Amino acid sequence: MHRGWGAYLKHDEKQPKPKVDRALLKRVLGYATGYRLELVVVVVTIVIISGLSLLPPLLMRGLIDRAIPDEDLTLVTWLGLGMIAVPLINGAVGVAQRWASASMGEGIIFDLRRQLFTHLQGMSLGFFTNTKTGELMSRLNSDVVGAQQAVTSTFVTLAANIFTVVATLVVMLKLEWRLTLLSLLILPLFIVASRKVGGRLRIIRREQMESNANMNSVMQETLSVSGALLVKLFGRATHEDDRFTEYAGEVRDLGVRQATIGRWFFMALGVVSAIGTALVFWLGAYLVINGGLTIGTIVALSAYLGSLYGPLSALSTARVEFTTSLVSFERVFEVLDMPVDVAEADD
87 MHRGWGAYLK HDEKQPKPKV DRALLKRVLG YATGYRLELV VVVVTIVIIS
137 GLSLLPPLLM RGLIDRAIPD EDLTLVTWLG LGMIAVPLIN GAVGVAQRWA
187 SASMGEGIIF DLRRQLFTHL QGMSLGFFTN TKTGELMSRL NSDVVGAQQA
237 VTSTFVTLAA NIFTVVATLV VMLKLEWRLT LLSLLILPLF IVASRKVGGR
287 LRIIRREQME SNANMNSVMQ ETLSVSGALL VKLFGRATHE DDRFTEYAGE
337 VRDLGVRQAT IGRWFFMALG VVSAIGTALV FWLGAYLVIN GGLTIGTIVA
387 LSAYLGSLYG PLSALSTARV EFTTSLVSFE RVFEVLDMPV DVAEADD
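Going by our numbering, the first residue of the sequence shown is number 87, and it counts up by one from there.
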């Protein structure tokens, strides 16, 4: 016996939660295949920006180890011009990347909303009678925007930081392999922190979306002309106020939990990064004092630590954002996967 149309949009403890598996990821990435040009531009610009970001530490190394000791003003000038040129080129390439990612993201929003609207237009009157309008509006607006952010922000950030970490490690290994290996000792701490927090934030994100949908439903039901008329006719103002207060309170509490957990997460990443930096400076100073390393090299390596730990922290954050943003796709796909002709409830 079918429990009604609302069961397709309402989750409870007995209903299985959608899982982040390969099929879901494949379906998500399928929406980007219609924007191959933009996707190619994003990938190419990621490679260019990541490659250019490796140059400033090498320029500083040349300035400290060669230009200043040799009193070579010509080299100083060229190195200075290089330090100016790198951010200028990066900025121009970044504009192209932003155009491509924005075009792809807005296109995906359009595609999802059109599919959702067309699918809902095919549903029977029974569906609209038993489904809260506020929940449908939440799927068409909030969830679709969340899905768009997953593609244009989270995915791009993930790809850029993976390439940056790999490229930075290659350069650091060529400069000083011992310091590089020492800097990698803290990598498991990044992974542990990401896995611990990612799952919890994903659960909170889904609960937050459901509470927002419930709150929007109450507003849609009570603030429309017909809804307000029924509320006044049956004297349910106090009851509806209590319902709205309950759902709004849930949204508030979940928001506080999400912000607090996120802050603890960033603090943990900052401490881990500080430990790695301190260890590298300690061994680097020892090698400089004993003549095994130049000052320019340790300065360059310290700069590369920012290019290493920054993306590592961002990768940990991207994993958290990735798992939470997939919830938006899950909720959109739940609507798209609803059968058009579902049997009405017998009771």
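Every residue, glycine too, gets a C-beta built ideally from N, C-alpha and C. Remember, it's a predicted structure, so these values are computed and weren't measured experimentally.
Member of the options whose CA lies at the smallest distance from the CA of residue i
i: I277; options: Y395, L379, L387; result: Y395
i: E326; options: L244, S187, V337, Q306; result: Q306
i: A109; options: V421, L398, F415; result: F415
i: A299; options: F330, L319, L271; result: F330
i: I351; options: G168, L287, V304; result: The sequence as given places Phe at residue 351; Ile does not occur at that position. The residue with the shortest Cα to Cα distance from F351 is L287.
i: A386; options: A182, E262, T324; result: E262
i: Q235; options: A153, G193, L255, S388; result: G193
i: V366; options: T346, Y390, T254, A118; result: Y390
i: G392; options: T204, K282, S269; result: S269
i: L265; options: G335, T250, G208, A371; result: A371
i: V252; options: G377, V133, V413; result: V133
i: L115; options: V421, T240, T160; result: T240
i: F249; options: L401, E420, A186, L412; result: L401
i: S358; options: I272, R349, L316, D423; result: In the sequence on display, residue 358 carries Val and not Ser. Among I272, R349, L316, D423, the Cα nearest to that of V358 belongs to I272.
i: R338; options: L125, L309, R291, T409; result: R291
i: A186; options: E124, V413, R113; result: E124
i: A245; options: V126, G335, I375, P155; result: V126
For residue i, the three-state DSSP class (helix, strand or coil)
i: M424; result: coil
i: E332; result: helix
i: M169; result: helix
i: L271; result: helix
i: T250; result: helix
i: N376; result: coil
i: D156; result: coil
i: T38; result: With the chain represented from 87 up to 433, any question about residue 38 goes unanswered, as that position is not in the structure.
i: E416; result: helix
i: G116; result: helix
i: G382; result: helix
i: M190; result: helix
i: G208; result: coil
i: G439; result: This structure leaves residue 439 out entirely; the chain is present only between 87 and 433.
i: E307; result: helix
i: S399; result: helix
i: H97; result: Its pLDDT being 40, under 50, H97 is placed unreliably in this model, and the coordinates cannot settle the point.
i: L140; result: coil
i: T217; result: coil
i: E326; result: helix
i: E262; result: coil
Contacting residues, own chain, Cβ-Cβ under 6 Å from residue i (five flanking each side not counted)
i: N176; result: I135, L138
i: V130; result: none
i: L255; result: none
Residue i versus residue j - alpha carbon distance
i: G313; j: S210; result: 22 Å
i: L222; j: R322; result: 24 Å
i: Y333; j: S297; result: 6 Å
i: L398; j: T217; result: 44 Å
i: L145; j: T363; result: 21 Å
i: G191; j: L259; result: 37 Å
i: S228; j: V242; result: 21 Å
i: L340; j: R417; result: 18 Å
i: T163; j: G180; result: 26 Å
i: G212; j: P173; result: 59 Å
i: V128; j: A182; result: 8 Å
i: A345; j: P274; result: 24 Å
i: Q294; j: G348; result: 15 Å
Nonlocal neighbours in the same chain, by C-beta distance under 8 Å from residue i, ignoring five residues either side
i: V199; result: Sequence inspection shows Arg at residue 199; the Val mentioned does not correspond to that position. Around R199: L226, V230.
i: I150; result: T380, I381, G382, V385
i: L316; result: R322
Residue i Cβ short of 7 Å to the ligand MG heavy atom set
i: R291; result: This structure simply doesn't include the ligand MG, nor any ligand for that matter.
Proximal residues to residue i (C-beta, below 7 Å), its chain only, five neighbours per side dropped
i: A354; result: A279
i: K100; result: Summary for K100: the model assigns pLDDT 40, below 50, so the residue's position carries little reliability, and this model does not support an answer.
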